[in-house]
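The structure appears right after this line, and notes come after that.
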Amino acid sequence: RCMDNYKQTILFIMVISSFAGMVCSCACSSNLKHCANIYQMPVDFQTAEQKCRDLGGQLSVQSNGSDKVVDYLIDNLIGHFWVGLHLPNDKCLSNTSTLREGEWTNLETEEAPCLPLCMSVSSDGTRTPRPCTDELDGFLCEDSQGDLCKGRAVVLDNARCTFAPCEHTCTPMKAGYKCSCKERFRTNARDPRRCDFYCATKVCEALCMRSGSACWCPAGFVRSDQNCEDVDECDSNHGCAHKCINTIGSYRCECYEPFILVNGTECTYVRSLYNGEVFTTPSPNYIARGALSTPGEYAGLIIFLVVAGFALLVLVHYLLGRKATVQKCNPSDSGEFQETVSNDNCI
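Using mature numbering (1 follows the signal peptide of the UniProt record, and there is no 0), the letters of the sequence shown map in sequence onto residues -25 to -1, 1 to 322.
Here's what the structure looks like:
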């Protein structure tokens, strides 16, 4: 029985750990210009900013549209979350409690230099400057294109489902609505109101009209009779510096250790392993240009030119010496020839 309790405890811990850093929810403004996720994980401001950037977004900043999204996401949550405002390094506030609503968009003061301050938002909606090194409960990451939500966003609109905003199914939610799609369709990554036909396997049945006169396949597939077949984008390597991995309907680039992927295609050495220096392996299309991009390449070119110049000087010196010897041993007239015959240097 003790062993069973031990296993249950381990299972509980694993379940809880699997939710660490999860996205609680995602929301978009009614015009879809402001979409944001909320991430719950203990992070300082710099880490939050980097993680959000890695996801393709930026920490949420104040605007009429994004404020509504932020207020919706933090509703019923407990804790403090980073947003995208911070003081210059040489500025600080003498009394953060005097900060009033509307004053936190441009935090500047004449106080003496102090620890950098960054903006947080609490579950009650209060905006508070804090030391940027503090570890808070998470951060709010936004993206104007909506890619972060991957089609799972709640659209904040008081009209809710009144005007049938969804392409397939509309479900009323608190302060808005959420769209869902029929079988064999999924929500569009950029517009949560639209639905896209997709294939979950490398070969699937095409979407055809009842008459069979026309059929369609999703992006990344080609039609073969009544079926859709996945295109292997990695046949051309797609500009990946190291490895191209074909996926269903798309592809991704990967790097060999100890490289990490940057800009989607390039591979860079891990910074901490090389004393702060970053060495980048460019993708093949960069290599094809023949451009010199590292100091080592320039140094190699300079050494090559110096050695080549020295070899050329030695060759010229040898040829000039050879010419002088030939002229000395082969005079132009007979008198000089008789004199040369008796010269020991030419015997």
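Using N, Cα and C, we set each Cβ at its ideal position, and we do this for glycine too.
In DSSP terms, what residue i is bridged to
i: residue 220; result: 227
i: residue 241; result: 237
i: residue 151; result: 131 and 148
i: residue 171; result: 161
i: residue 211; result: BP columns for residue 211 are empty, so no partner.
i: residue 21; result: Residue 21 pairs with nothing; no bridge assigned.
i: residue 33; result: 117
i: residue 10; result: 3
i: residue 190; result: 183
i: residue 61; result: 93
Residue of the options minimising C-alpha distance to residue i
i: residue 194; options: 201, 171 and 244; result: 171
i: residue 158; options: 112, 180 and 151; result: 180
i: residue 217; options: 232, 204, 189 and 203; result: 232
i: residue 164; options: 128, 141, 22 and 176; result: 128
i: residue 223; options: 108, 197 and 15; result: 197
i: residue 1; options: 56, 118 and 290; result: 118
i: residue 149; options: 46, 19, 41 and 35; result: 46
i: residue 23; options: 9, 43 and 111; result: 111
i: residue 346; options: 114, 155, 101 and 10; result: The structure shown does not extend to residue 346, since the chain is modelled only from -25 to 322, so the question has no answer here.
i: residue 52; options: 277, 96, 291 and 229; result: 96
i: residue 101; options: 137, 143 and 49; result: 49
i: residue 20; options: 173, 11, 109 and 7; result: 109
i: residue 9; options: 167, 280 and 15; result: 167
i: residue 13; options: 278, 134 and 44; result: 44
i: residue 173; options: 160, 183 and 185; result: 160
i: residue 120; options: 214, 4, 15 and 288; result: 4
i: residue 139; options: 125, 126 and 169; result: 169
i: residue 144; options: 162, 133 and 134; result: 162
i: residue 133; options: 279, 277, 6 and 283; result: 6
Unbroken beta strand (DSSP E) run spanning residue i, endpoints
i: residue 108; result: Run containing residue 108: none; DSSP gives neither H nor E here.
i: residue 198; result: 196 to 199
i: residue 54; result: From DSSP, residue 54 is part of no beta strand (DSSP E); its letter is neither H nor E.
i: residue 180; result: 178 to 180
i: residue 95; result: 92 to 97
Proximity below 8 Å, CB of residue i to CB of residue j
i: residue 324; j: residue 94; result: Absent from the model: residue 324. The displayed extent of the chain is -25 to 322, so no value can be given.
i: residue 92; j: residue 61; result: yes
i: residue 54; j: residue 98; result: yes
i: residue 57; j: residue 30; result: no
i: residue 116; j: residue 27; result: yes
i: residue 200; j: residue 177; result: no
i: residue 192; j: residue 203; result: yes
i: residue 32; j: residue 131; result: no
i: residue 241; j: residue 226; result: no
i: residue 147; j: residue 136; result: yes
Endpoints, alpha helix (DSSP H) assigned at residue i
i: residue 204; result: Counting along the chain, residue 204 falls outside any alpha helix (DSSP H), though it belongs to the beta strand (DSSP E) covering 202 to 205.
Any chain D beta carbon closer than 8 Å to residue i
i: residue 209; result: Judged by its chain identifiers, the structure shown contains no chain D, having just a single protein chain.
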